[in-house]
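As structure tokens, the structure follows; a few thoughts come after it.
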Amino acid sequence: MPISQEKSSARTSSTLRARQVILSELRTRDRWVMWKQAYRGGLPTKVPIQPTGKPASSTNPATWSPWPRVRPAARKGYVLGEASAASTWTIAS
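Under our numbering, the first residue of the sequence shown is numbered 78, with each subsequent residue one higher.
Now the structure itself:
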């Protein structure tokens, strides 16, 4: 294998390990939401929802869920920041 491919492969492996560590840490926190796509002003946006289908809020921790509740969902996200000014980070699945 050429050196450039070895470096690329090592970098990819290292990135995947780091990603797994980060995700395992995030999974211990009840800051997960599911989301559905909606359109506002003709543009697509992500609307947070709870596993029950009720609306979730990036600023209301009472609407956030533990990882096991959102894990089966195709569209899920993690709430970043403090509840008063939080934003949601989407997990591609």
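Just so you know, even glycine gets a beta-carbon here, dropped at the ideal spot from N, CA and C. Owing to the predicted nature of the structure, the values given are computational and were not obtained by experimental measurement.
| query | result |
| --- | --- |
| Report the rounded CA-to-CA distance for Asp107 versus Ala139, giving the unit in angstroms. | 10 Å |
| Can you say whether Ser135 is buried or exposed, counting buried as having 16 or more other CB atoms within 10 angstroms of its CB? | buried |
| Between the stretch 143-161 and the stretch 104-120, are three or more C-beta pairs nearer than 8 Å? | yes |
| At what residues does the beta strand (DSSP E) containing Arg117 begin and finish? | 109-117 |
| Where DSSP assigns a beta bridge to Ser142, which residues make up the other side? | Trp109 |
| Please state whether DSSP places Thr89 in a helix, a strand or coil. | helix |
| Trp144 and Leu103: beta carbons closer than 9 Å? | yes |
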